[in-house]
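Heads up, the thing below is written out as structure tokens.
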Amino acid sequence: MNKVLKNKEFIVTLMRLISLTNIITLIFLPLMPRQSLSWICGATLSLLNVWLMSLKIEKNFYLSENKAKLTAYKDFNLRYVILIAGSILAVKYLNLNIIIFGVGLLSGQIWIFILYLIRFPKDSEEQE
Numbered sequence: 112m113n114k115v116l117k118n119k120e121f122i123v124t125l126m127r128l129i130s131l132t133n134i135i136t137l138i139f140l141p142l143m144p145r146q147s148l149s150w151i152c153g154a155t156l157s158l159l160n161v162w163l164m165s166l167k168i169e170k171n172f173y174l175s176e177n178k179a180k181l182t183a184y185k186d187f188n189l190r191y192v193i194l195i196a197g198s199i200l201a202v203k204y205l206n207l208n209i210i211i212f213g214v215g216l217l218s219g220q221i222w223i224f225i226l227y228l229i230r231f232p233k234d235s236e237e238q239e
């Protein structure tokens, strides 16, 4: 299977899982508004990060190595400036729980790790 297609499927799965956690958190919004809003804001910024990263990966896939490195470096810095600015604004003006917001911000990485643990045994069996 084409690597670009596999990456797209993985990104779509990852974005669906992050969105699902936001939908589940909406149920708890009336019960725990500050904590729920903290998770939703963090996970939404994580979702934005994953989406921006996927756009750049797809674009850089066909570039030469040096051009891809330079573009990746620029895009990385731009993405993190957006994340830092969004985080500062969200925490300052929405009075969020910083711990829950931070875990929500890491939700993309957490789901990547979980998906890796789920798929790792299958991948190693296929290689044998």
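If you're matching positions, the sequence shown starts at 112 in the working numbering and goes up one per residue.
We treat Cβ as the ideally placed atom computed from N, Cα and C, and that holds for glycine.
Quick caveat: nothing in here was measured; it's all calculated off a predicted structure.
Quiz prompt | C-beta contact flag for S242 and L158 at 8 angstroms | solution = This structure does not reach residue 242, given that the chain is present from 112 up to 239, and the question cannot be answered.
Self-check item: Collapsed DSSP secondary structure at M164 in the structure displayed
Solution: helix
Quiz item: Is the distance from the Cβ of Q146 to the Cβ of I229 below 8 angstroms?
Solution: no
Quiz item: Rounded C-beta distance between V192 and G153? I'm assuming under 8 angstroms.
Solution: Actually they do not touch by this definition, with Cβ atoms about 17 angstroms apart.
Quiz prompt | Cα-Cα separation between K167 and Y204, rounded to whole angstroms | solution = 30 angstroms
Quiz item: How should K151 be labelled, buried or exposed, when 16 other C-beta atoms within 10 angstroms of its C-beta is the threshold for buried?
Solution: The question names Lys, but residue 151 in the sequence shown is Ile. Looking at its Cβ environment, which holds 16 or more other Cβ atoms inside 10 Å, I151 is buried.
Self-check item: Residue nearest to L148 in terms of C-alpha spacing, selected from Q220, S175, K178 and L207
Solution: L207
Exercise. On a CA-only basis, which of L189, I221, W162 and A183 is nearest I122? Give me that one, please.
Key: W162
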